[in-house]
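According to my numbering, the residues represented by the sequence shown are -8 to 186, in order.
Glycine included, each C-beta is placed from N, C-alpha and C at the ideal position.
Inspection log for the structure reproduced underneath, given as structure tokens.
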Amino acid sequence: MTEKKVDNQVENIAEETVDEKAIADDESVKKQDDSSGEIDQLNQQINELNQRLLRLAADFDNFRKRTNIEKEELAKYANTNLICQLLPVLDNFQRALDVKNPNEEVKKFLTGMEMIYKQLIQILSEAGLEPIKAVGESFNPEKHEAIMQVEDNSVEDNCILEELRCGYMYKDKVIRPSMVKVARNATEEKEGESS
-8 MTEKKVDNQV ENIAEETVDE KAIADDESVK KQDDSSGEID QLNQQINELN QRLLRLAADF
52 DNFRKRTNIE KEELAKYANT NLICQLLPVL DNFQRALDVK NPNEEVKKFL TGMEMIYKQL
112 IQILSEAGLE PIKAVGESFN PEKHEAIMQV EDNSVEDNCI LEELRCGYMY KDKVIRPSMV
172 KVARNATEEK EGESS
């Protein structure tokens, strides 16, 4: 009986060991499945974080480029306000120099003013200020401001006949449009109405 008991006990122990191994194997498989799932989850998080990092790096690079462009624009047009404030001074100089029939004393005074005016114009043109061409040009609403229209069949329609106030461009930007008198061709209007 002892042998049978021992055999039974050995069989029980063997079964328990096999069961424990099976349980342990099941648990290790579950752990591997769990750890495999965790690894997949962690890899997914890493990929998401990498994508976010790439987007942030691209956003920062775009921000840096945009900031550099804005700085260049600011530096390029930094003097715009000062030049705009000087434009009425240029207008007043021009009006003073347009005196009709000056006497000898006024002519001497005008000569000095003209020298100062030319010096001021030279300095401003070196800084990037240019007068807008108007008389004889075709009307351009981006550069000219029409304050009068006159019927004139001797020139093309929308041709500028007279500049009433000079306009200026600073570098490549219009800072003040020219005030102009524009021709309107009456014959073209009549032809358009009759068709």
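Whole-angstrom distance between residue j and residue i, CA atom to CA atom
i    : j    : result
N149 : Q42  : 58 Å
A137 : A69  : 29 Å
Q36  : L47  : 16 Å
A125 : R167 : 13 Å
Q110 : Y159 : 17 Å
N34  : L45  : 16 Å
R57  : I30  : 40 Å
L152 : K99  : 32 Å
Q113 : D52  : 41 Å
Minimum C-alpha distance to residue i - residue among the options
i    : options                  : result
K162 : E29, E64, Q32 and A48    : E64
G127 : Q110, L115, V171 and L78 : V171
E142 : A174, N34 and A118       : A174
Y108 : Q85, E96 and E61         : Q85
Identified DSSP bridge partners for residue i
i    : result
Y161 : L120 and K164
A174 : V141
Sequence-distant residues of the same chain with beta carbon closer than 8 Å to residue i, five excluded per side
i    : result
L78  : Y159, I166 and R167
T71  : Y161, K164 and I166
L101 : A87, L88, V90 and P93
Same chain, Cβ closer than 7 Å to residue i, five either side skipped, listed in chain order
i    : result
L120 : I74, Y159 and Y161
Handout entry: alpha helix (DSSP H) runs wholly inside the segment 79 to 103, at least 4 long, in chain order
Key = Taking only runs of at least 4 residues, no alpha helix (DSSP H) segment lies wholly in the segment 79 to 103.
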